Amino acid sequence: MKSIQDIRLRFIGAGNMAASLMGGLLNKGMTASQITASDPGRNQRAYIESQFQIQTYGDNNAHFGMPDMVLVAVKPQIMKTVLADVAEVIRRNNPLVISVAAGITSCQINQWLDADLPIVRTMPNTPALIGQGAIGMYANQNVSHEQRQLTEQIMDAVGTSIWVDKEFEIDAVTALSGSGPAYFFMFMEYLQQAGQKLGLSEGNAALLAKKTAIGSALLAERSPESLQQLKDRVTSPNGTTAAALNSFNESKLETVIEKALKAANDRSVALSKEFD
Ligand SMILES: NC(=O)c1ccc[n+]([C@@H]2O[C@H](COP(=O)([O-])OP(=O)(O)OC[C@H]3O[C@@H](n4cnc5c(N)ncnc54)[C@H](OP(=O)(O)O)[C@@H]3O)[C@@H](O)[C@H]2O)c1
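Numbered according to this note's numbering, the sequence shown spans residues 1131 to 1406.
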């Protein structure tokens, strides 16, 4: 069974997400000589070369070689054009194609490559940029067991990954964890504002909001207890937390969150149709 130390990997698009993956993969023991990348941005290429010593090219077809995997990390809006540009060289190699582009389906990728390749579609989130991503992955029927394991190793370089069985679940992943960081930022922002209204300084309220979020997340991760049990533990009858939770319940927070995720899920479904 191969490991990521045995493969050749080509990035198409070398922006933020690609750079985070490159950093994570080099930390996990891949060498720069295993990886090449293409990106039209001269400055971005210079950054990648100086930061990671990874060979880069301005032309997506240049020095393509025989990669085991091609990781496409361009914006969804240009996926179709980019894939059409590299279709011939990719078809010649028959690699696993991994996409991090939001909203682009595995069928669209194969259609735009005019191929029937193994495709893994992933949905990372922005904490991946600091190695703390939550990543959902879907593999089409052409992906082998070994390719699945290799993909896991690649995505785990920037966080924690899970597989979903059905491609439509990626829309739910997008709604929950893909867009999720914004929900937590918003919640922290509102906590800060509400704290200020109760008399705290802006700096103190911001710090308390962020540290409470971080501490609660770490506790939730490390504790064997469920989220509900952890919540109950902070909530003594008739206490301050109970007063706040009752107020949330009166405002139907659960329904508000359910509606928000449904809206994000529906938008994810609509977006993939727009890119077609
Ligand atoms: N950042 C995240 O946390 C995150 C989370 C989930 C999903 N994603 C997905 O990851 C993908 C990349 O996002 P990103 O944040 O890394 O964006 P990004 O920083 O803009 O990176 C995209 C890179 O692709 C380059 N590019 C443009 N045209 C190209 C072409 N024809 N061929 C090859 N490369 C080309 C861009 O160069 P120029 O800047 O010069 O145009 C840029 O360097 C997107 O599809 C996004 O949906 C990102």
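Even glycine gets a Cβ: it sits at the ideal position worked out from N, Cα and C. Computed from a prediction, not measured in an experiment: that's the story for all the values here.
Comparing C-alpha distances from Ala1203 to each of Ala1302, Asn1173, Asn1368, Val1230 shows the shortest one belongs to Val1230. Closest in C-alpha terms to Ala1343, from the list Val1200, Leu1330, Gln1322, Ala1258, comes Gln1322. About 6 Å separates the CB atoms of Ile1142 and Val1216; that is less than 8 Å, so the two are in contact. The beta carbon of Ala1258 is closer than 6 Å to those of Ser1150, Val1288, Gly1289 in its chain, skipping five residues each way along the sequence. No heavy atom of ligand 1 is found nearer than 8 Å to the CB of Pro1367. In the DSSP assignment, Phe1141 falls within the beta strand (DSSP E) that extends over 1139-1142. Rounded to the nearest whole angstrom, the C-alpha separation of Ser1356 and Tyr1313 is 21 Å.
In the three-state reduction of the DSSP assignment, Ala1287 falls in the helix class, which pools H, G and I.
When the alpha-carbon of Ala1302 is set against those of Leu1348, Met1253, Thr1281, the nearest one is in Met1253.
A residue is called buried when at least 16 other Cβ atoms come within 10 angstroms of its Cβ; Val1273 meets this threshold and is buried.
Secondary structure of Thr1365 (DSSP, three-state): coil. DSSP places Leu1226 within a strand segment (E or B) once states are collapsed to three. Inter-segment contact for the region 1182-1194 and the region 1239-1246 is absent: fewer than three beta-carbon pairs are separated by less than 8 Å.
By the neighbour-count criterion, in which a residue is buried when 16 or more other Cβ atoms sit within 10 angstroms of its Cβ, Ile1292 is exposed. Judged by DSSP in its simplified three-state form, Gln1183 adopts coil rather than helix or strand. Residue pairing from DSSP places Leu1201 in a beta bridge opposite Phe1141, Ile1228. At a cut-off of 8 Å, the beta-carbon of Ser1353 does not count as near ligand 1: no heavy atom of the ligand is closer than that. Burial state of Val1250 is buried, judged by a 10 Å Cβ sphere holding 16 or more other Cβ atoms. For Met1316, the three-state secondary structure derived from DSSP is helix. The beta carbon of Ser1236 sits no closer than 8 Å to any heavy atom of ligand 1. Non-local beta-carbon contacts of Gln1279 in its own chain, meaning distances under 8 Å to residues more than five positions away in sequence, involve Met1131 in chain order. With a cut-off of 8 Å, the C-beta of Asp1215 is classified as near ligand 1, since at least one heavy atom of the ligand falls inside that distance. DSSP links Val1219 through a beta bridge to no other residue. In the structure shown, Thr1252 adopts extended strand secondary structure according to DSSP, grouped into three states. When the alpha-carbon of Leu1226 is set against those of Ser1307, Asp1295, Arg1397, Leu1139, the nearest one is in Leu1139.
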